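Let me begin by presenting the structure, written as structure tokens, before commenting on it.
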Amino acid sequence: MTKNIAYEQLIQHISNNNKKNIYQYFTTSDFCLYNNNCIDVMSILPDNSIDMIFADPPYLLSNDGITCHSGKMVSVNKGIWDKSNGFYKDILFHESWLSECRRILKPEGTIWISGTMHNIYQIGFLLQKLNFHILNDIIWFKPNAAPNLACTTFAHSHETLLWARKDKKARHIFNYEKMKTGNFPEDKMKIPDKQMRSVWSIPTPTADEKEFGKHPTQKPIALLKRIILSSTKDNDIILDPFNGGGTTGIGCKLIGNRNYIGIDICSEYLELTKKRYNKINNKLKLFEE
Numbered sequence: 001m002t003k004n005i006a007y008e009q010l011i012q013h014i015s016n017n018n019k020k021n022i023y024q025y026f027t028t029s030d031f032c033l034y035n036n037n038c039i040d041v042m043s044i045l046p047d048n049s050i051d052m053i054f055a056d057p058p059y060l061l062s063n064d065g066i067t068c069h070s071g072k073m074v075s076v077n078k079g080i081w082d083k084s085n086g087f088y089k090d091i092l093f094h095e096s097w098l099s100e101c102r103r104i105l106k107p108e109g110t111i112w113i114s115g116t117m118h119n120i121y122q123i124g125f126l127l128q129k130l131n132f133h134i135l136n137d138i139i140w141f142k143p144n145a146a147p148n149l150a151c152t153t154f155a156h157s158h159e160t161l162l163w164a165r166k167d168k169k170a171r172h173i174f175n176y177e178k179m180k181t182g183n184f185p186e187d188k189m190k191i192p193d194k195q196m197r198s199v200w201s202i203p204t205p206t207a208d209e210k211e212f213g214k215h216p217t218q219k220p221i222a223l224l225k226r227i228i229l230s231s232t233k234d235n236d237i238i239l240d241p242f243n244g245g246g247t248t249g250i251g252c253k254l255i256g257n258r259n260y261i262g263i264d265i266c267s268e269y270l271e272l273t274k275k276r277y278n279k280i281n282n283k284l285k286l287f288e289e
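Mapping to my numbering: the sequence shown position 156 is 156, numbers consecutive.
Set out below in structure tokens:
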């Protein structure tokens with residue numbers, strides 16, 4: 001791992017300007033977790049300091065309904081963080097964190113946002129309102145998606161990923177050849193040595209990825225590795241304002257030469273992330289010896 005002075009200075013900057021009780025939950029030379037509201041942490045960061053952001057914001061679906069998990073009927077309630085405050089307040093919430101993301105991204109920086117029909121159209125509208133330049137909308141198809149218990153609509157089997165650039169005139173990172181010629185065995189739709197298309201077939205997280213517990217909207221490592229590989233370079237600083245189970249950070253560690261900042265209001269998920277990181281880090285050390 002190449003030492004990144006800019007990353008160290010950024011973490012130090014947060015510590016030196018801590019006027020909002022920012023709590024650094026866990027830190028290493030390339031991985032830092034904060035147990036706070038993402039807007040509080042991002043508001044401290046300097047303008048134009050982040051290379052890439054991946055965000056999986058709350059779907060705001062905890063409305064006492066039901067869903068299917070592992071073949072069983074379960075509540076959709078995930079936590080107080082997933083409660084809707086009504087359409088207009090939800091829009092204001094999304095606009096507030098997106099505005100901070102835009103400010104801290106470098107001009108050539110990009111943001112990825114994952115969502116469902118419940119929030120992705122609001123976010124797409126706000127991206128355009130805030131003068132982001134949308135590059136792609138990616139369909140993440142889940143070949144092993146859960147069935148629809150109500151049987152009144154089509155079974156929900158995909159999420160939408162929006163990929164956008166901060167400055168339309170800047171040249172963003174896109175590792176075209178890695179996407180064209182890379183090995184993606186989990187994706188049965190990817191044709192070898194052909195352009196990467198905008199529909200990705202990737203199963204939901206495996207049992208191994210949930211070894212230490214799970215986040216209710218946890219993303220598969222294969223998905224985040226592809227996102228990071230496609231749109232970042234060595235020594236980039238990557239931020240996830242809704243860290244959740246930490247898959248973005250784990251993807252950074254597995255790829256290597258990436259620096260990660262994760263933020264979450266729930267300490268239990270930061271502890272899960274910490275355990276996942278330590279396991280990966282210990283394995284990588286064995287290979288280095």
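For every residue, glycine included, the Cβ atom is placed at its ideal position computed from N, Cα and C. Quick caveat, the model's predicted, so the values are computed rather than measured.
Neighbourhood of residue i by C-beta, 6 Å cutoff - its chain only, sequence neighbours within 5 removed
i, result
"SER75", "Summary for SER75: the model assigns pLDDT 49, below 50, so the residue's position carries little reliability; its value from the coordinates is reported in the next sentence. Hits under 6 Å: none found."
"TYR260", "PHE31, ILE238, GLY249, CYS252"
"SER264", "The sequence as given places Asp at residue 264; Ser does not occur at that position. Once the five neighbours on either side are set aside, the close Cβ partners of ASP264 are ASN243, LEU270."
"ASP7", "Before going further, note that residue 7 is Tyr rather than Asp in the sequence given. Hits under 6 Å: ILE237, ASN259."
"ILE120", "THR160"
"PHE287", "none"
"SER15", "none"
"LYS178", "LEU229"
"ASN35", "TYR23, TYR25, SER267, LEU270"
"ASN48", "LYS106"
"HIS215", "GLY244, GLY245, TYR269"
"ASN45", "The identity of residue 45 in the sequence shown is Leu, whereas the question assumes Asn. Contacts found: ILE104."
Cβ separation of residue i and residue j, assumed to be a contact under 8 Å, to the nearest whole Å
i, j, result
"ASP137", "SER84", "Not quite, the Cβ-Cβ distance comes to about 23 Å (not below 8 Å), so this is no contact."
"TRP97", "LEU161", "Wrong, their Cβ atoms sit about 17 Å apart, outside the cutoff."
"ASP234", "ASN257", "4 Å"
"ARG165", "PHE132", "7 Å"
"LEU272", "LYS225", "Contact doesn't hold; Cβ gap of about 19 Å is too wide."
"LEU60", "HIS118", "7 Å"
Span of the beta strand (DSSP E) around residue i
i, result
"MET52", "50 to 55"
"LEU337", "Any answer about residue 337 is impossible in this case: the structure gives the chain only from 1 up to 289."
"ASN259", "258 to 263"
"LEU130", "It is not in any beta strand (DSSP E) - LEU130 carries neither H nor E in the DSSP assignment."
"PHE242", "Taken as a continuous stretch (DSSP letters only), PHE242 belongs to no beta strand (DSSP E), as it is neither H nor E."
"THR27", "24 to 27"
Sequence-distant residues of its chain with Cβ nearer than 7 Å to residue i (five each side left out)
i, result
"GLU100", "ILE39, MET42, SER43"
"ASP193", "LYS180, THR181"
"ILE202", "TRP140, GLU186, ASP187, PRO220, ALA222, LEU223"
"TYR155", "The sequence shown places Ala at residue 155, not Tyr. Only ALA145, PRO147, ASN148 meet the Cβ criterion."
"THR232", "ASP51, MET52, ILE173, ILE238, ARG258"
"GLN195", "LYS180"
Residue interval of the alpha helix (DSSP H) (run including residue i)
i, result
"HIS13", "5 to 16"
"THR290", "With the chain covering 1 to 289 only, the question about residue 290 has no answer from this structure."
"LEU33", "Here LEU33 belongs to no alpha helix (DSSP H); instead the beta strand (DSSP E) covers 31 to 34."
"LEU286", "267 to 288"
"ILE255", "247 to 255"
"ASP47", "Neither: ASP47 is in no alpha helix (DSSP H) and is coded neither H nor E."
Contact set for residue i: own chain, Cβ-Cβ below 8 Å, skip 5 residues either direction
i, result
"ASP167", "PRO107, GLU108, HIS133"
"GLN122", "ASP90, ILE91, HIS94"
Closer than 9 Å to chain D by CB, residue i
i, result
"ILE255", "Here there is only one protein chain, and chain D is not present."
Closer than 8 Å: residue i CB and nearest the ligand FMN heavy atom
i, result
"THR152", "As far as ligands go, the structure on display features none, and thus does not contain the ligand FMN."
So does the region 133 to 149 actually touch the region 274 to 288, counting three or more Cβ pairs closer than 8 Å?
-> no
Taking only runs that begin and end inside the region 160 to 233, name each unbroken alpha helix (DSSP H) of 4 or more residues, in chain order.
-> Uninterrupted alpha helix (DSSP H) stretches at least 4 residues long and entirely within the region 160 to 233 occur at 176 to 181, 221 to 231, given in chain order.
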